[in-house]
Amino acid sequence: EERALRGGGGMPLRADQVSCSPLPSGKAFAAVSKDDLRKAYYQTTSMREVPGRAPSVECTGENFIDVHSIGKKTTKYLDFQVSRSPLTQRDCCKYTQDFVPLPLGDNVI
388 EERALRGGGG MPLRADQVSC SPLPSGKAFA AVSKDDLRKA YYQTTSMREV PGRAPSVECT
448 GENFIDVHSI GKKTTKYLDF QVSRSPLTQR DCCKYTQDFV PLPLGDNVI
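Numbering (the numbering used here), first residue to last: 388 to 496.
Next comes the structure, spelled out in structure tokens:
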């Protein structure tokens, strides 16, 4: 307990400087039954709204990752399309297009 009441520099903390936890202690949980704790802490909105039955397919909605990932990965709407571009040749470069060999004619090199 002495260590817990020391600050970062090793100096003891005053009573008004000691921080209390925002969560209830273990003793407070012992006063309530486990069933009540489960109801209070571990419950989703769908569990509260529709007790005892799972929501239907129409109520669950759609995962928009399948919509936004079309073309990036395989989704339920479209398989992944591998993009294949033609290989580039020397003729594709602007330098090669501008400087083409010209006929020498009757010139001697």
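Just so it is clear, CB atoms sit at the ideal spot from N, CA and C, and this is done for glycine as well.
Could you work out which residue in the options is closest to residue i when comparing CA atoms only?
i: Arg477; options: Val487, Thr461, Ile457; result: Val487
i: Ser470; options: Gly458, Lys481, Arg440, Pro442; result: Gly458
Have a look at residue i and residue j and give me their C-alpha separation to the nearest angstrom.
i: Ala415; j: Leu424; result: 11 Å
i: Pro409; j: Glu436; result: 29 Å
i: Ala427; j: Leu465; result: 43 Å
i: Cys479; j: Ser472; result: 13 Å
i: Ala441; j: Glu449; result: 16 Å
i: Gly413; j: His455; result: 46 Å
Since residue i and residue j are thought to touch, with beta carbons under 8 Å apart, how far apart are those beta carbons, to the nearest angstrom?
i: Asp453; j: Thr447; result: That belief does not hold up - the Cβ atoms of Asp453 and Thr447 are roughly 13 Å apart, past 8 Å.
i: Phe467; j: Lys460; result: 6 Å
Give the DSSP bridge partners of residue i, in chain order.
i: Ile452; result: None; Ile452 has no bridge partner.
Any Cβ of chain C within less than 9 Å of the Cβ of residue i?
i: Lys481; result: Considering every chain present, this structure includes no chain C. It has just one protein chain.
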